[in-house]
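Please read the structure below before turning to the comments.
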Amino acid sequence: MWFIYGPPTPNPFGRDQEINTLVKFMKNGQPVSLIGPRRIGKTSILLASLNRSSLPYVLISIEEFIRGEKGFNFAEFISAYISNITTITYSFAGYKFQFLEKTKSYLKQIRELIGAIKITLNLPELTTLIDVVLDKAQKGKNLSEEFSKALDLPQILAEKFGIERIVIALDEFQYLKLAKQTSPEIFHIMRSKWQFHKNVTYIISGSATGMLREIINTKDQPFYQFFYLMRVNPFDEEKSKEFLKRGFEVEKVNVSDKEVEDIVSYVDGFPAWLNLVGIKVVVERKPISVILNSLPYDDNVVNAIEGDLRKLSPSARSVLRKLANLGGKGRPKDLGDNIWAVNRALTQLMRYGYVEKEERGVYRILDPMIVHYLANR
Ligand SMILES: Nc1ncnc2c1ncn2[C@@H]1O[C@H](COP(=O)(O)OP(=O)(O)OP(=O)(O)O)[C@@H](O)[C@H]1O
Ligand SMILES: [Mg+2]
Numbered sequence: 001m002w003f004i005y006g007p008p009t010p011n012p013f014g015r016d017q018e019i020n021t022l023v024k025f026m027k028n029g030q031p032v033s034l035i036g037p038r039r040i041g042k043t044s045i046l047l048a049s050l051n052r053s054s055l056p057y058v059l060i061s062i063e064e065f066i067r068g069e070k071g072f073n074f075a076e077f078i079s080a081y082i083s084n085i086t087t088i089t090y091s092f093a094g095y096k097f098q099f100l101e102k103t104k105s106y107l108k109q110i111r112e113l114i115g116a117i118k119i120t121l122n123l124p125e126l127t128t129l130i131d132v133v134l135d136k137a138q139k140g141k142n143l144s145e146e147f148s149k150a151l152d153l154p155q156i157l158a159e160k161f162g163i164e165r166i167v168i169a170l171d172e173f174q175y176l177k178l179a180k181q182t183s184p185e186i187f188h189i190m191r192s193k194w195q196f197h198k199n200v201t202y203i204i205s206g207s208a209t210g211m212l213r214e215i216i217n218t219k220d221q222p223f224y225q226f227f228y229l230m231r232v233n234p235f236d237e238e239k240s241k242e243f244l245k246r247g248f249e250v251e252k253v254n255v256s257d258k259e260v261e262d263i264v265s266y267v268d269g270f271p272a273w274l275n276l277v278g279i280k281v282v283v284e285r286k287p288i289s290v291i292l293n294s295l296p297y298d299d300n301v302v303n304a305i306e307g308d309l310r311k312l313s314p315s316a317r318s319v320l321r322k323l324a325n326l327g328g329k330g331r332p333k334d335l336g337d338n339i340w341a342v343n344r345a346l347t348q349l350m351r352y353g354y355v356e357k358e359e360r361g362v363y364r365i366l367d368p369m370i371v372h373y374l375a376n377r
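Residue numbering for the sequence shown is 1 to 377, as defined by UniProt numbering.
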């Protein structure tokens, strides 16, 4: 099937330029930050580039370690880091690990791992580290010091096994901010280590564009001017049309050029929505106008957008709704009487990547589906 909705694709359409650039950076050790709003295709570009680079890599999504509102499971994150890096570098060196328990718990994974490491190639740095992590995690002690050591593992193991280059990719990187409660200096520590790892390329990405920019683009922040910023944009009009036309051809459905244009002007070049409309056209075989009008009520759209909006404060939501009712663009004075509250709401919307400030004080909602969704309710 041409159209797929939901999971990232390792074969993204029309992203060759981005992928070629990213592969080059990966091979050359240039740290990169991929920035773009939700569902624009960041993870897909990342996956495709990692695959095409043929380099050994570790890909971890920081989102996986969030617990509840503001919690972060630091022990699990460190264990995942150690477990993934060890497994990848050891397998490069010809050792294969089979985990007995297919478990999501990374603490359990490193516990299993340690036995295997001790009988293959005993690396005291690694086994001691795992021992201490297991011990401290069990006692609920602070793991900042071990984290600092775990950060050096990729470089140590790369040297040990003669790996010229390994890529560490951390998706949804901005959520590491939540780990500051446990380890306030986390970003300082990371930067101070990473800058000396000559065999490791670091790639981060995230959808909370404002938050990510704060981390990497603010003068007094440790990651200031460390990453090359790569912005992931929506498809342009031509590419969006081509994507749909090729898909409808493959699926053997007749859709006129005018209808393809209608779809693109409704969802813009957001790959996730182009895929969703594509699927609905193929499956439902209804007129395009009917499909587009029903889109804000589609279960997939409702789930996706409600899930996103839940993270926002009530006042940020209300400002977002007002912006939507203005067609997706507006100035603060049109968004509420209390200008201070409006500005605070806009700040949150920018941090989470929903809104961008354009010229002359105009704010714009990036994802057209959010506009349709909110303006229809
Ligand atoms: N270039 C593309 N061609 C075809 N489909 C794509 C492309 N880019 C993304 N998609 C599809 O759009 C959806 C979102 O892509 P992806 O998960 O890569 O985006 P993301 O920016 O990482 O999103 P999130 O912020 O939710 O993590 C997926 O279903 C994916 O398959
Ligand atoms: Mg993603």
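The beta-carbon is built from N, C-alpha and C at its ideal position, and this holds for glycine as well.
Status (buried if at least 16 other CB within 10 Å, exposed otherwise) for histidine 372: Against the sequence shown, residue 372 aligns to sequence position 372. Buried, because 16 or more other Cβ atoms sit within 10 Å of the Cβ of histidine 372.
Tell me which residue opens and which closes the alpha helix (DSSP H) that leucine 176 is part of. Within the sequence shown, numbered from 1, the residue matching residue 176 stands at position 176. Per DSSP, leucine 176 belongs to no alpha helix (DSSP H) and is neither H nor E.
Measure the C-alpha to C-alpha separation of arginine 165 and alanine 150 and round it to an integer number of angstroms. For the purposes of this step, residue 165 is taken as residue 165 along the sequence shown, with counting starting at 1. For the purposes of this step, residue 150 is taken as residue 150 along the sequence shown, with counting starting at 1. Roughly 18 Å separates the two Cα atoms.
Among all the DSSP beta bridges, which residues are the ones paired with arginine 67? In the sequence shown, counting from the first residue as 1, residue 67 sits at position 67. Beta-bridge pairing links arginine 67 to Gly71.
Among the residues of its own chain, which have a CB less than 8 Å from the CB of glutamate 185, if the five just before and after it don't count? Walking along the sequence shown from the start, residue 185 turns up at place 185. Around glutamate 185: Ser144.
Using the three-state DSSP reduction, which class does residue 459 fall into: helix, strand or coil? Residue coverage of the chain in this structure runs from 1 to 377, which leaves residue 459 outside it and unanswerable.
Are the beta-carbon atoms belonging to valine 200 and alanine 158 less than 8 Å from one another? Along the sequence shown, one-based indexing puts residue 200 at 200. Along the sequence shown, one-based indexing puts residue 158 at 158. Yes; because the gap between Cβ atoms is below 8 Å, this pair is in contact.
Regarding serine 44 and ligand 1, is the C-beta to nearest heavy atom distance less than 7 Å? Within the sequence shown, the letter at position 44 stands for residue 44. At least one heavy atom of ligand 1 lies less than 7 Å from the C-beta of serine 44.
To the nearest angstrom, report how far apart lysine 96 and tyrosine 90 are at their CA atoms. Working through the sequence shown from its first residue, we reach residue 96 at position 96. Working through the sequence shown from its first residue, we reach residue 90 at position 90. Going by the C-alpha atoms only, they are around 7 Å apart.
Classify arginine 213 as buried or exposed, calling it buried when 16 or more other Cβ atoms lie within 10 Å of its own Cβ. For this step, residue 213 is matched to residue 213 along the sequence shown. Burial call: buried.
Is any heavy atom in ligand 1 found nearer than 7 Å to the beta carbon of serine 207? Position 207 of the sequence shown, counting from 1, holds the residue named residue 207. Because some heavy atom of ligand 1 lies under 7 Å away, the Cβ of serine 207 counts as near it: yes.
Best match in Phe243, Ala137, Gly330, Ala179 for proximity to glutamate 64 [C-alpha to C-alpha]: Taking the first residue of the sequence shown as position 1, residue 64 is located at position 64. Considering only alpha carbons, the answer is Ala179.
In terms of alpha-carbon separation, which member of Pro8, Glu125, Asp268, Gln98 lies closest to glutamate 112? Translated into the one-based positions of the sequence shown, residue 112 becomes position 112. Per the Cα distances, Gln98.
Check the C-beta distance from valine 133 over to isoleucine 110 and give it rounded, since I have them as a contact under 8 Å. Numbered from 1 along the sequence shown, position 133 holds the residue referred to as residue 133. Numbered from 1 along the sequence shown, position 110 holds the residue referred to as residue 110. Correct: roughly 7 Å between the Cβ atoms.
When DSSP labels each residue in this structure, what does isoleucine 88 get in the three-state scheme? As a working note, residue 88 is residue 88 in the sequence shown. Reduced to three states, the DSSP call for isoleucine 88 is helix.
Count the CB pairs spanning the stretch 64-77 and the stretch 26-34 that are closer than 8 Å, and state whether there are at least three. The stretch 64-77 makes no contact with the stretch 26-34, as fewer than three CB pairs between them are under 8 Å.
As assigned by DSSP and simplified to three states, the class of serine 294: Locating residue 294 in the sequence shown gives position 294, counting from the first residue. Here serine 294 sits in helix by DSSP.
Please name the residue in Phe173, Ser265, Pro56, Lys141 whose C-alpha comes closest to that of glycine 206. Along the sequence shown, read from residue 1 onward, the residue named residue 206 stands at position 206. The residue with the shortest Cα to Cα distance from glycine 206 is Phe173.
Tryptophan 194: buried (16+ other C-beta within 10 angstroms of its C-beta) or exposed? What you label residue 194 is simply residue 194 of the sequence shown in a count that begins at 1. By the neighbour-count rule (16 or more Cβ atoms within 10 Å), tryptophan 194 is buried.
The alpha helix (DSSP H) with glutamate 238 in it runs from where to where? Translated into the one-based positions of the sequence shown, residue 238 becomes position 238. Unbroken alpha helix (DSSP H) run through glutamate 238: 237-250.
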